[in-house]
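Engineer: Protein chains in written order, with the working numbering: chain S, 1 to 100; chain C, 1001 to 1117; chain E, 2001 to 2181. Glycine included, each C-beta is placed from N, C-alpha and C at the ideal position. Keep in mind the model is a prediction, meaning the values are calculated, not measured. Let me give you the structure first, and then I'll get to my questions.
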Amino acid sequence: MIPLSWALILSAVVFVIGVIGVLIRRNAIVIFMSIELMLNAANLVFVAFSQHLRSIDGQVFVFFVMTVAAAEVAVGLAIIVNLFRLRETVMVDEVNLLKG
Amino acid sequence: MREYLPVLMFLAVAIAFAAGTIGLSSIIVPRRSNARKMSAYECGVEPVGNARARFSVKFYLVAVLFILFDIEAVFLYPWAVTFRQLGLVGLIEMMVFIVILLIGYLYLLKKRALEWD
Amino acid sequence: MTEALFIGFAAMLVASSLLVILHRNPVASALFLVLAFCSLAGIYLLFHAEFIGMVQIIVYAGAIMVLFLFVIMYLNLQRDEEGGVHIALRRGLGWVAGTVVLAEGVFMLARRWAPGPLTPEVPGEAAGNTQQLGMLLFSRYLFPFEVTSLVLLVAIIGVVVIAKGRSTAGSGTRPAPGEDG
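Structure (structure tokens):
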């Protein structure tokens, strides 16, 4: 039997890796992957608590999170593709048209 | 946990086989190369250009739409196994879901997003 | 046995997540992300969430990662060149901020969540995981389920509008930049 705290700490570590990835990388696609890591860390907590509380509701939530993540990836990558067509770069700090 | 023992064994065999084949062949392979051996033999034509040329955006559009309809298919699995308990209500629920996505599909057809040229 | 497997999967998950954010090559990052998703699916199986584990592999490791790789190939990205004082400073700050967030989380977990025994494992209970999930999804979570279809509809329309442009077919599909150079 896996203690709940192990899953929570693992999830915290993965989430923080995602946060660091968003902060240190310039490539928009890698930033997007880091966001996926954070979403998956949240899913891990849902599943762990679903097991802990003996209730399957948490797994239903994981289902919805996955759906939203897929929709988000589809639209987000379309935006990145368009950004690349317009600016020939996916580095987020080179896209500073609004910076003045 | 018991029921996953075959899966674990299968996983171990798969990893061992892949690592063993690659590792063994890298150890015992003879390394004698000459110019003819290293030349390309792809129908006798020298390869032209970079293999990592860019794809067209059309592939991307198809891939994205695949994902969105893939999610729809994933929702069908739990519906299929509970179909008998849910009865007519379940059928109507799923029909509403599919009809809403069908609107999206009709939109794709109207915008000619799935046509190849 | 379960604990050992959890530790193994957790180590694989953390290592591959770190490689996702540290590797210079975006294609390698994407492949490490696949590994992270697969080890997460293993963890879901250990938590008796069989259906979620399978969906994780089908949707995340299968479909979403294919999309990431497609985009990377389409954009033909090379390795990132990241250098200079400015970048190094920001990277250092990123690590500091991340460590602070992690310390905060561990501090809170250590105070509220002492590692104690859980409810005992009930063998055989997870036999109909997909069925239980289906019953719940189509009764209590019916409305979110129907709203999900709207989310997908909006995503379909959004992708077509963004990727193809408002104009009719032809002008929206510029030839790939690699071909004319």
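Check whether chain S comes within 7 Å of residue 2010 of chain E, counting only Cβ atoms and requiring the distance to be less than that.
Structural biologist: Interface residue, yes.
Engineer: Can you round the beta-carbon distance between residue 2012 of chain E and residue 2039 of chain E to whole angstroms, since I take them to be within the 8 Å contact cut?
Structural biologist: Right, their Cβ atoms sit about 4 Å apart.
Engineer: Counting contacts by CB-CB distance shorter than 7 Å, is residue 2121 of chain E in contact with chain C?
Structural biologist: The predicted position of residue 2121 of chain E is uncertain, since its pLDDT is 48 and thus under 50; no value can be drawn from it.
Engineer: So, for residue 2054 of chain E: in the same chain, excluding its five sequence neighbours on each side, which residues have a beta-carbon less than 8 Å away from its beta-carbon?
Structural biologist: Excluding sequence neighbours, residue 2054 of chain E sits near 2041.
Engineer: Is residue 1093 of chain C close to chain A, meaning its C-beta is less than 7 Å from at least one C-beta of that chain?
Structural biologist: In the structure shown, chain A does not exist; the protein chains are S, C and E.
Engineer: Determine the chain E residues that contact residue 97 of chain S at a beta-carbon separation under 9 Å, and present them in chain order.
Structural biologist: Residues of chain E passing the Cβ test: none, with the nearest at roughly 17 Å.
Engineer: Using only the alpha-carbon positions, how far apart do residue 87 of chain S and residue 2070 of chain E sit?
Structural biologist: Their backbone Cα atoms lie some 19 Å apart in a straight line.
Engineer: Spell out the partners DSSP gives residue 91 of chain S in its beta bridges.
Structural biologist: For residue 91 of chain S, which the question treats as bridged, DSSP gives the partners S:27.
Engineer: Can you tell me the Cβ-Cβ gap for residue 2067 of chain E and residue 1064 of chain C, rounded? I've got them flagged as a contact below 8 Å.
Structural biologist: Going by Cβ atoms, the distance from residue 2067 of chain E to residue 1064 of chain C rounds to 6 Å, so yes, they are a contact pair.
Engineer: Just the Cα atoms here: how many angstroms apart are residue 68 of chain S and residue 1110 of chain C?
Structural biologist: Whole-angstrom Cα-Cα distance: 25 Å.
Engineer: Are the C-beta atoms of residue 1076 of chain C and some chain S residue less than 7 Å apart?
Structural biologist: Output row for residue 1076 of chain C: interface = no.
Engineer: In whole angstroms, give me the CA-to-CA distance for residue 1101 of chain C and residue 2152 of chain E.
Structural biologist: Distance between the alpha carbons of residue 1101 of chain C and residue 2152 of chain E is about 7 Å.
Engineer: Between residue 2052 of chain E and residue 2044 of chain E, is the Cβ-Cβ spacing less than 7 Å?
Structural biologist: Against a cut-off of 7 Å, the Cβ pair of residue 2044 of chain E and residue 2052 of chain E comes out as a contact.
Engineer: For residue 2034 of chain E, which residues in the same chain have their Cβ closer than 6 Å to its Cβ, ignoring the five residues on either side in sequence?
Structural biologist: 2061 and 2065.
Engineer: Would DSSP call residue 2178 of chain E helix, strand or coil?
Structural biologist: Because residue 2178 of chain E carries a pLDDT of 48, less than 50, the predicted location of this residue cannot be relied on, and the following value inherits that uncertainty. If DSSP states are grouped into helix, strand and coil, residue 2178 of chain E belongs with coil.
Engineer: Give a yes or no on whether the C-beta atoms belonging to residue 1060 of chain C and residue 2141 of chain E are separated by under 7 Å.
Structural biologist: It is not a contact, given that the beta carbons lie outside the stated cut-off.
Engineer: So which residues on chain E does residue 42 of chain S lean against when the C-beta distance must stay under 8 Å?
Structural biologist: The premise fails here: residue 42 of chain S is roughly 12 Å from chain E at the closest Cβ pair, so nothing lies under 8 Å.
Engineer: Against residue 2149 of chain E, what residues of chain C qualify as contacts under a CB-to-CB distance less than 7 Å, listed in chain order?
Structural biologist: Chain C residues near residue 2149 of chain E: 1097, 1100 and 1101.
Engineer: Is there a C-beta anywhere in chain C that falls below 7 Å from the one on residue 70 of chain S?
Structural biologist: Taking Cβ atoms only, chain C reaches closer than 7 Å to residue 70 of chain S, which makes this a yes.
Engineer: Would the beta-carbon of residue 2158 of chain E fall within 7 Å of that of residue 95 of chain S?
Structural biologist: Going by C-beta atoms, residue 2158 of chain E is not nearer than 7 Å to residue 95 of chain S.
Engineer: Output the distance between the C-alpha atoms of residue 1005 of chain C and residue 2057 of chain E, rounded to the nearest integer angstrom.
Structural biologist: Roughly 19 Å between the two C-alpha positions.
Engineer: What are the residues in the region 31-61 of chain S lying within 8 Å of chain E by C-beta distance?
Structural biologist: Correct list: 32, 33, 34, 36, 37, 40, 43, 44, 47, 48, 50, 51, 52, 54, 56, 57, 59 and 60.
Engineer: When the distance is taken between beta carbons, is residue 2046 of chain E closer than 7 Å to residue 2005 of chain E?
Structural biologist: For residue 2005 of chain E and residue 2046 of chain E, yes; Cβs fall inside 7 Å.
Engineer: For residue 2134 of chain E, which residues in chain C fall below 7 Å Cβ to Cβ?
Structural biologist: Those within 7 Å of residue 2134 of chain E in chain C are 1078, 1079, 1081 and 1082.
Engineer: Taking only beta-carbon atoms, is residue 1089 of chain C less than 7 Å away from chain S?
Structural biologist: So, not an interface residue.
Engineer: If you drop the 5 nearest sequence neighbours on each side, which residues of the same chain put their C-beta closer than 6 Å to that of residue 1104 of chain C?
Structural biologist: Same-chain partners within the cutoff: there are none.
Engineer: Which two residues bound the contiguous alpha helix (DSSP H) that contains residue 2164 of chain E?
Structural biologist: Run containing residue 2164 of chain E: 2142-2164, per the alpha helix (DSSP H) assignment.
Engineer: So, does the CB of residue 1086 of chain C fall closer than 7 Å to a CB anywhere in chain E?
Structural biologist: At least one chain E Cβ lies under 7 Å of residue 1086 of chain C.
Engineer: Within the same chain, show all residues whose beta-carbon is closer than 8 Å to that of residue 2016 of chain E, passing over the 5 residues directly before and after it, in chain order.
Structural biologist: Excluding sequence neighbours, residue 2016 of chain E sits near 2032, 2033, 2035, 2036 and 2039.
Engineer: If you count every other CB in all the chains shown that lies within 10 Å of the CB of residue 1026 of chain C, and 16 or more means buried, which is it?
Structural biologist: Per the 10 Å Cβ criterion, exposed.
Engineer: In the structure shown, what three-state DSSP assignment does residue 2050 of chain E receive?
Structural biologist: If DSSP states are grouped into helix, strand and coil, residue 2050 of chain E belongs with the helices.
Engineer: Grouping DSSP H, G and I as helix and E and B as strand, with all else coil, what is residue 1082 of chain C?
Structural biologist: Coil at residue 1082 of chain C, not helix or strand.
Engineer: Excluding five sequence neighbours on each side, which residues of the same chain lie with their C-beta closer than 8 Å to the C-beta of residue 59 of chain S?
Structural biologist: Same-chain partners within the cutoff: 46, 47 and 50.
Engineer: Pull up the distance between the alpha-carbon of residue 2108 of chain E and that of residue 2002 of chain E, whole angstroms please.
Structural biologist: Distance between the alpha carbons of residue 2108 of chain E and residue 2002 of chain E: 26 Å.
Engineer: With C-beta atoms as the reference, is residue 70 of chain S less than 7 Å away from residue 1022 of chain C?
Structural biologist: For residue 70 of chain S and residue 1022 of chain C, no; Cβs fall outside 7 Å.
Engineer: Among E:2162, E:2161, E:2164 and E:2146, which one has its Cα closest to the Cα of residue 1072 of chain C?
Structural biologist: Among E:2162, E:2161, E:2164 and E:2146, the Cα nearest to that of residue 1072 of chain C is on E:2146.
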